[in-house]
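>
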Amino acid sequence: MGQGNHDGHLGAVYAAQNQSDLAAHYDRWATSYEAEMAVAGYRNPTICLALLTRHLPRGATPLLDAGAGTGLLGEWLGITGYGHVEALDLSPGMLAVAASKNVYAALHQLALGGKLPFGDGHFAGIISAGVFTSGHVGAEGLDELIRICRPGGAIVLSVKTTLWDGGFAERIGELAALVELAEATEPYVSMPGEAGTIPSLAIALRRRG
Ligand SMILES: C[S@@+](CC[C@H](N)C(=O)[O-])C[C@H]1O[C@@H](n2cnc3c(N)ncnc32)[C@H](O)[C@@H]1O
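Numbering-wise (numbering that gives the first Met the number 0), the sequence shown opens with residue 0 and increments by one.
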């Protein structure tokens, strides 16, 4: 699958061979991640937040920031009126930076793609920026997010177009009894300052029920 042509930390995470390799790369990147992504003009969290505000009422709670990283979204969710946000991430180093912001009600070091330790319909909304991408999480991460989202709730994700075209859109079609594709953006470049970035799109799923 295409992953673009990137150097440094970004190149390393896109090229990770397995989850422990990926977590180790993110652990090393954690303290400089936000500064480097600011230089790259990183837009996924902003676009996902915009979609969430259109599909989930202010104050809906609890929320899950899935693949929260250093917690870019956590603070903005609070500012825009969403309380009790929990962070989930593979990388303890990224979660440690997120924890230092004191904006998350709970932090979970867990892997998307397998079974998650939350009850059916537990979260009113789920947001995931920059996670459904090359070498990270694919369509195999969808089923559990859908299971833990309450009926009527919203799941907002950014998805690399290579994933989208490589089976993700098809999987959403297969899950149509459980979720409706409420909105999808046009493809956009998530890091305009980083040459060779493969476009992403952002989607809002409505949990049926
Ligand atoms: C590009 S960062 C995005 C972080 C944050 N959402 C943001 O937009 O700044 C991707 C994050 O996904 C996490 N991640 C990658 N694979 C994961 C998985 N299978 N389960 C949970 N987190 C994962 C990484 O540790 C990293 O923190």
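Quick reminder that beta carbons are idealized off the backbone N, C-alpha and C, glycines included. Keep in mind the model is a prediction, meaning the values are calculated, not measured.
In chain order, what residues of the same chain lie with their CB nearer than 7 Å to the CB of Leu115, ignoring the 5 residues before and after it?
Leu109, Glu143 and Ile147
> With DSSP run on the structure shown, which of helix, strand or coil describes Ala153?
strand
> Could you say if the segment 150-166 and the segment 94-105 meet the contact criterion of at least three C-beta pairs nearer than 8 Å?
no
> If you drop the 5 nearest sequence neighbours on each side, which residues of the same chain put their C-beta closer than 8 Å to that of Arg207?
Pro150, Ala176, Leu177, Val178 and Glu179
> Go to Ile145, then tell me how far its alpha helix (DSSP H) extends in each direction, as first and last residue.
Leu141 to Arg146
> To which residues of the same chain is Asp26 closer than 8 Å at the C-beta, ignoring the five residues directly before and after it?
For Asp26, where only same-chain residues beyond five positions count, the Cβ hits under 8 Å are Ser90, Pro91, Gly92 and Met93.
> Hey, how far is the Cα of Ile202 from the Cα of Leu87?
20 Å
> Whole-angstrom Cβ separation of Asp64 and Leu72, contact assumed at under 8 Å?
5 Å
> Flag this pair as yes or no: are the beta carbons of Glu173 and Arg53 separated by less than 9 Å?
no
> Where does Met0 sit, in a helix, a strand or coil, going by DSSP?
Any reading at Met0 must be qualified, since the residue scores a pLDDT of 36, below 50, and its modelled position is unreliable; no value is offered.
> Would you mind stating whether Thr160 and Pro186 have Cβ atoms separated by less than 9 Å?
yes
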